[in-house]
Structures are given as structure tokens and as C-alpha cells.
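*Asks:* Converting from the sequence shown to our numbering requires adding 11 to each position, the first position being numbered 1.
Please see the structure below; I have some questions.
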Amino acid sequence: MLKPRLPSFAFAALAALTGARQGPPVPTSRPILFVTQVPVVSDYLTIASTFGNHEASARAVARGGDLWIRYADGTLRNLTAAAGFGTPAGFQGASSIAVREPCVHWSGTKAVFSMVVGAPTAPSDADFRWQLYEISGLARFAAPVITRVPHQPPLRNNVSPCYTSDGRILFTSDRPRNGAGHLYPQLDEYEEAPTNTGIWSLDPESGELFLMNHSPSGSFKPGVDRFGRVVFTRWDHLERDQQADLDRMGLGNYQVFNWSDESPSAVRTGSTLELFPEPRAQWIAYVNSTPGYSGPLAGWKPYLAGIQFNHFMPWTLNQDGTEEETLGHVGRHELFAMVPRSRTDDPNVTAQTFFPPLVSNPRPLTSFHQVREDPLVPGSYWGIDCREFDTHAAGQIVRLSGRPILNANEMVVHYVTHRDTQAPTLTPGPDHSGFYRNPLPLSDGQKIAVHAATTRKEQNLGTPTAPRSSFDFRLKELVLAPNGHLVAGRALTNGITKRVQYYDPFALVTYDGPLWELDPVEVVARAVPPLTAEPALEQPERLACLLEGVQPSALRQYLAQSGLALIVSRDVTQRDKNDRQQPFNLRVPGGAQTLGAPGRIYDVSYLRLFQGDQIRGITNG
């Protein structure tokens with residue numbers, strides 16, 4: 012536990028309770044925890060970005076924010092200041108903080124959040140790290156106590172924490188998947204920018220830590236739903252390295268390369284070989300449109316259309332890290348409407364231009380961020396559909412039905428705010444009510460969210476050393492508009508302002524104005540969900556074990572001790588009924604076959620396994 016900065020709780024509490032301008036409150040049944048953040052204009056790898064938002068440098072996250080609580084009558088209290096953390100207005104140096112993503116415990120009496128302590132005190136690119144903290148004493152006249160969560164990775168960025176049913180803490184971290192320091196940081200598949208490595212599970216008492224999944228481009232904002240599932244957003248790019256393609260096309264100078272292996276003694280090779288996945292559509296188009304092209308084919312084939320895949324999708328896990336899949340096994344065919352074909356030489360293989368007849372959902376998405384389950388409707392998930400850049404992961408509020416009993420074809424998207432709010436525009440129509448993020452349905456049926464009134468892309472309205480974001484993120488109630496959609500209503504605060512100075516990291520920056528209000532969460536006791544774990548084997552696998560005289564538990568133990576995995580394939584000739592974008596007339600020679608249309612039949616002659624190695628390097632990143 013860090014020593015309080017203030018000498019007495021009484022003094023800190025007085026300052027915290029009077030630190031913001033008050034006004035007529037929007038009534039809420041229960042308190043709301045939220046954070047303030049000094050606005051950051053850049054929307055690339057910064058605190059509010061869609062990806063790469065986990066870094067703690069002064070460039071990525073300006074210091075000067077706090078953890079706040081808004082009580083039901085509208086009274087505001089600065090909890091971090093009351094507990095002795097942070098720096099008042101002025102220069103943000105060694106004791107300054109930034110705070111993010113509080114999550115309230117099932118009991119409603121404490122919360123876990125992420126905080127970075129410290130900032131450069133002189134021009135410097137010194138390293139800082141987000142770490143996990145717990146706070147108790149949330150009641151109005153209680154003494155808040157903040158302690159650092161023990162046993163977490165100490166030299167890594169640990170963010171987006173939440174509680175499991177049995178008291179563990181889940182979070183995302185940029186800790187290398189195997190702990191090897193020379194593999195830090197992991198670079199994503201798209202920008203070759205630092206990313207988190209996935210969702211980690213920590214027992215804060217024993218220190219047991221394990222990686223629940225491995226996300227090549229990151230997982231974001233996990234939470235445990237009413238069914239005990241860990242629900243989160245995962246970025247699936249699944250495209251070949253675009254920087255390498257740009258180098259080949261003469262449009263970049265990234266000078267990417269492969270290391271010889273993942274070991275600390277690896278050497279640079281002269282190769283940029285990638286065996287999988289298929290080439291990007293842009294590379295196929297480049298070769299096809301270049302007369303007399305004679306360079307390296309790099310996977311080009313005359314019949315390939317090229318892969319296009321870049322989605323932020325809702326995913327689930329059991330709390331022990333098993334059964335990772337998209338929420339309800341939903342996919343592009345049910346959510347995204349437009350799915351390109353994979354090849355051009357088979358008339359059966361066609362692009363999906365709108366939802367197939369079997370799909371119940373009529374409303375397409377482009378992404379699903381900041382997942383939040385409705386406390387009154389189990390299996391109803393609120394989220395944000397937004398552009399990848401320029402709006403700080405703010406856009407349209409959407410809702411997705413995803414109860415476990417639903418088949419993917421039965422899952423339906425609802426547009427909570429108007430579709431116009433999904434994207435920035437210079438010429439907004441009457442239905443564009445601004446941008447939204449962090450949707451929060453409350454336990455009494457009320458709805459709130461973070462809202463910015465602008466309809467344009469982010470732009471700096473100030474100067475490099477006195478920046479002014481065009482996004483004025485505030486906590487607001489959501490009310491019904493005449494068009495049938497929800498829109499931002501009254502603000503929950505009168506605005507929290509602060510004047511700060513900080514190094515970013517070499518220039519001294521001054522900001523004087525309203526702070527962003529982000530990451531709201533309701534302070535309320537909730538029923539503890541069931542603890543989900545690996546399910547029992549299904550009947551075909553149980554029968555196979557019975558016939559071989561092997562106990563499933565003994566088989567699992569043997570595989571784990573031997574570093575082996577077992578893959579069970581039942582009928583590899585079957586595809587999703589909606590999938591017409593890749594070959595689907597499949598046959599095992601002399602065995603099973605599944606034919607969906609007359610025409611070409613593809614033989615499945617063997618199973619190919621691909622291994623992903625963390626060996627791509629970049630010279631000019």
C-alpha cells in the first residue's frame with residue numbers, strides 16, 4: 012500500500028467533495044463510479060483508442076485524471092484524492108496519476124481499477140506502467156483506502172480488470188505470453204504496433220497467474236456476464252503484414268524482416284516469408300493491375316481474390332480459459348452483411364452482399380466495442396460500433412441479443428442510437444446526435460453513456476503545446492428522441508475542470524479546461540454468476556474413451572504432461588450453411604461428402620496445421 016499524500020483523511024475528503032461545480036442533479040438510484048481524463052487529441056495508440064490503448068507513456072495518456080464517485084443525489088467525490096493519490100492542479104510530475112476502467116465487486120463494497128503513477132519531471136521518454144489497484148470505502152462518509160493488487164506482473168501494463176465468480180481478477184496485459192522479456196512488446200498483425208497479449212487470470216492471494224487466451228492483435232474490456240461467461244472484444248485482423256506488402260509495392264520503407272526464431276540469440280534473416288494466411292486483397296489487386304509484373308509473387312495466384320478481414324468481434328471464454336469462441340458462435344455472416352469471396356474461378360463461390368435468408372438479423376455492424384450486459388435482460392449486450400480511428404472509440408450505441416440458448420442465426424442487432432452516429436461527417440443530418448462510448452444500462456432501467464457533441468473527426472482546436480480536443484466527453488443520461496432512438500440528454504455533472512502542465516514527453520504541454528468523463532460503472536451488489544469451466548466430453552468422445560478403456564481425466568493429464576494437444580474432427584466436409592464465400596462442395600475421397608450445389612467438388616485429402624511464430628521485425632516502425 013502506498014503512503015497517502017495528504018496528512019489527514021478529513022482534509023482530503025473536504026477537498027474531494029468540493030472539487031467540482033455542482034448543479035441540479037440527474038437522479039440515479041445508485042452511485043456511479045467513473046474516471047476523469049485530461050483530453051488527449053491523438054487517437055492512435057492512446058488512452059481512448061480502439062486498439063493499442065494500454066500504454067502508459069505521457070504521449071499516450073496525459074496525467075491529471077482521477078477516480079470519482081457520483082452519489083445518487085448528484086454529489087461528487089474525488090476518491091483518489093481522498094485516498095491520498097494524485098496531484099492537484101498544476102505541474103503533473105512524480106506523484107501524478109491517470110486512472111481507467113473501474114469494475115465493482117459483486118458485493119458492491121469495493122472496486123478494482125487500473126492506475127499509472129508518475130510522469131516525467133523533465134523532458135524524458137521514461138517508462139511508466141499501468142498497474143491494478145483496489146479501492147474500498149465507497150460509501151459517502153467512509154474513508155477510501157487504495158491498495159495495489161499483489162502478485163500482478165510488476166513491469167507490464169495491466170488494464171481492464173474485472174472480478175471472476177471465485178474472486179480471481181481478470182485483466183489484459185502486455186506481458187509476453189510466456190514471460191520472455193526479449194519478446195516484449197508483442198506487435199499486432201495490422202500496424203505492427205504494441206498490443207496486449209490477451210486476457211490474464213490472477214489469484215491475488217496465491218499469485219497464480221495464467222494466460223486465458225492468446226490474441227495476436229489484442230483482447231479488450233473483459234467482463235463476466237450473468238451466465239458466468241467472460242465476454243470481451245477481440246481484434247481479429249487475420250491479414251498478412253501490410254507493411255511488408257507496402258515495401259514490396261514500393262509504397263513504404265518499413266524494412267520488415269523475419270528473425271531466425273523466437274530465442275534471445277535469434278539473428279535477422281533476409282526473408283519476409285509468410286506461409287499463411289492468403290495474400291491481402293490489396294496485394295492481389297497490385298499484381299493484377301501492374302502490366303508485365305515480374306517481381307516476387309508472394310502468394311499471388313490467378314484465382315485468388317485476396318483476403319479482407321479486419322473486425323472487432325464479441326467473444327466469450329469460460330472462467331478457466333476454455334471454450335473460447337465468438338459470442339454465440341456469431342460471425343461475419345450474421346453481423347457484417349458484406350463478406351467477400353475467396354476465389355474467382357468457381358461460380359459457386361460468391362460474395363455475400365447482404366444477410367442470407369437464414370439470418371434473423373437485418374442490421375449490419377462494423378465492430379462491437381466496450382461490451383456491457385444489461386442487468387435487467389441477461390444475455391442482452393450493449394456496445395459501440397465505431398470507426399477504427401478519429402473518434403476515440405466513440406460511435407453508435409448498439410445492442411446484441413446473445414443468450415446462450417440462441418443460435419447465431421437467431422441473434423439480432425438493435426440500433427440504440429441512430430445509425431448516423433456510427434461515423435464522422437462534415438454534413439450531419441438531423442439524426443446525428445454526436446458520438447457515444449461506454450454505454451451503461453443501470454439496474455433500475457435507466458440508461459447512461461459517455462457522449463461527445465461533435466459529429467466530425469477529432470481535430471486539435473489548439474496548438475501542440477496547448478492542445479484542445481474537439482471531443483467533449485461527458486456522462487449523460489439517454490432519453491428517447493422522436494425518431495425512436497435514444498439520444499444524449501442532461502449531463503450527470505456540471506463539468507470537472509482542471510489546469511495542468513506535463514511533459515509529452517519532451518515538450519511542456521499546458522491544458523486548462525474540462526476533463527473527459529469516461530468508464531462509468533454502477534455501484535450495486537449483484538448476484539455472483541456461476542463459475543464456468545471446461546464442460547464434460549460430449550457423447551462421441553466419451554464413447555471413444557470408453558472403447559479404448561481410457562479415463563478422460565487421465566487422458567487430459569497425459570496430454571498436459573507431454574505438451575500435446577488432441578484435435579477431434581467429426582465431419583470436416585460440413586461448412587456453415589450461410590458460407591458461400593469459400594469452397595463448400597467438400598469430399599473425403601472414399602468417405603464422407605457434403606454437396607451444397609452442383610459443380611466443382613473439392614477433395615479434403617489431409618489436415619494442415621500452421622504454427623504462428625513471433626519473429627516478425629520492423630526497422631522503421
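Ideal Cβ placement from N, Cα and C applies to all residues, glycine included.
Within its chain, find whatever has a CB closer than 8 Å to the CB of A348; leave out the 5 residues flanking it on each side and keep chain order.
*Replies:* The answer, listed in chain order, is Q363, T364, F365, F366, P375.
*Asks:* By the three-class DSSP mapping on this structure, what secondary structure does N299 have?
*Replies:* Of the three classes helix, strand and coil, the one that applies to N299 here is helix, per DSSP.
*Asks:* Are there 16 or more other CB atoms within 10 angstroms of the CB of F45, so buried, or fewer, so exposed?
*Replies:* Result: buried.
*Asks:* Run through the region 446–476 for me and flag every whole beta strand (DSSP E) of 3 or more residues, listed as ranges in chain order.
*Replies:* DSSP runs (the beta strand (DSSP E)) wholly in the region 446–476: 446–452, 458–463.
*Asks:* Can you give the Cα-Cα distance for E334 and H340, rounded to whole angstroms?
*Replies:* Computed Cα separation, rounded: 11 Å.
*Asks:* Measure the CB-CB distance between V123 and A67 and report whether it falls below 9 Å.
*Replies:* No.
*Asks:* With DSSP collapsed to three states, give me the class of A419.
*Replies:* Of the three classes helix, strand and coil, the one that applies to A419 here is helix, per DSSP.
*Asks:* Give the list of continuous beta strand (DSSP E) stretches no shorter than 3 residues that lie fully inside the region 518–598.
*Replies:* List check, beta strand (DSSP E) in window: 519–525, 527–533.
*Asks:* Do you know whose CA, among F231, L220, Q266, lies nearest T630's CA?
*Replies:* Considering only alpha carbons, the answer is Q266.
*Asks:* Between which two residues does the alpha helix (DSSP H) holding D258 run?
*Replies:* It spans 253–259 - the alpha helix (DSSP H) in which D258 sits, taken as one unbroken run.
*Asks:* Taking C-alpha atoms, which residue in E200, G63, R479, Y82 lies nearest to R151?
*Replies:* When each option's Cα is compared against that of R151, the closest is Y82.
*Asks:* Just confirm the distance between the C-beta atoms of P155 and E112, as a whole number of angstroms; I'd bet it's less than 8 Å.
*Replies:* The pair is not a contact, with the Cβ atoms about 18 Å apart (cut-off 8 Å).
*Asks:* Quick one: using the 10 Å Cβ neighbour count with 16 as the cut-off for buried, is K14 buried or exposed?
*Replies:* Note that K14 scores a pLDDT of 38, beneath 50, so its modelled location is shaky; the value from the coordinates is reported in the next line. Classification for K14: exposed.
*Asks:* Please go through the same chain and pick out, in chain order, the residues whose beta-carbon is closer than 6 Å to the beta-carbon of V520, but skip the five residues on each side of it.
*Replies:* Here the set comprises T476, Y513.
*Asks:* By the 10 Å Cβ neighbour count, where 16 or more other Cβ atoms means buried, how is Q550 classified, buried or exposed?
*Replies:* Exposed.
*Asks:* With distances taken from CA atoms, which of Q592, S107, Q625 is nearest T361?
*Replies:* Per the Cα distances, Q592.
*Asks:* Let me know the beta strand (DSSP E) ranges lying completely inside the region 151–197, each 3 residues or longer, listed in chain order.
*Replies:* 156–159, 169–174, 180–184, all fully within the region 151–197.
*Asks:* Quick check: G63 and P205, are their CB atoms within less than 9 Å of each other?
*Replies:* Yes. Within cutoff.
*Asks:* Classify A362 as helix, strand or coil using the three-state DSSP reduction.
*Replies:* Of the three classes helix, strand and coil, the one that applies to A362 here is coil, per DSSP.
*Asks:* Could you have a look at Q625 and say whether DSSP puts it in helix, strand or coil?
*Replies:* Here Q625 sits in coil by DSSP.
*Asks:* If you follow the beta strand (DSSP E) that H425 is in, where does it begin and where does it stop?
*Replies:* Looking at the DSSP string, the run of the beta strand (DSSP E) that includes H425 is 424–426.
*Asks:* Please classify T630: does DSSP put it in a helix, a strand, or coil?
*Replies:* Coil at T630, not helix or strand.
*Asks:* Please list, in chain order, all residues of the same chain as R414 whose beta carbon is under 6 Å from its beta carbon, the five residues on each side excluded.
*Replies:* So the qualifying residues of the chain are G390.
*Asks:* CA-CA distance, L87 and I43?
*Replies:* Each residue's alpha carbon lies about 10 Å from the other.
*Asks:* Start and end of the alpha helix (DSSP H) containing L4?
*Replies:* The requested residue 4 does not occur in the structure, where the chain is confined to residues 12 to 632.
*Asks:* Spatial neighbours of R32 within its chain, please: CB distance less than 6 Å, with the 5 preceding and 5 following residues excluded, ordered by chain position.
*Replies:* Because R32 carries a pLDDT of 43, less than 50, the predicted location of this residue cannot be relied on, and the following value inherits that uncertainty. Around R32: N505.
*Asks:* At what residues does the beta strand (DSSP E) containing A499 begin and finish?
*Replies:* Residues 497–502.
*Asks:* According to the neighbour-count rule (16 or more other Cβ atoms, all chains shown, within 10 Å of its Cβ), is T428 buried or exposed?
*Replies:* When all chains shown are included, T428 counts as buried.
*Asks:* Out of L194, P161, Y522, which has the shortest C-alpha to C-alpha gap to T219?
*Replies:* As written in the sequence, residue 219 is Glu, which differs from the Thr given in the question. The shortest Cα separation from E219 among L194, P161, Y522 belongs to P161.
*Asks:* With 16 other CB atoms within 10 Å as the buried threshold, where does T301 fall?
*Replies:* Answer is exposed; the Cβ neighbour count stays below 16.
*Asks:* Please give me, in chain order, every unbroken run of the beta strand (DSSP E) with length at least 3 that falls completely inside the region 259–330.
*Replies:* Listed in chain order, they are 267–269, 322–328.
*Asks:* Between which two residues does the alpha helix (DSSP H) harbouring T91 extend?
*Replies:* Note, T91: alpha helix (DSSP H), 90–93.
*Asks:* Evaluate the contact criterion for the region 475–493 versus the region 560–573: three or more CB pairs, one atom per stretch, below 8 Å.
*Replies:* The answer is no - the region 560–573 does not touch the region 475–493, with fewer than three Cβ pairs under 8 Å.
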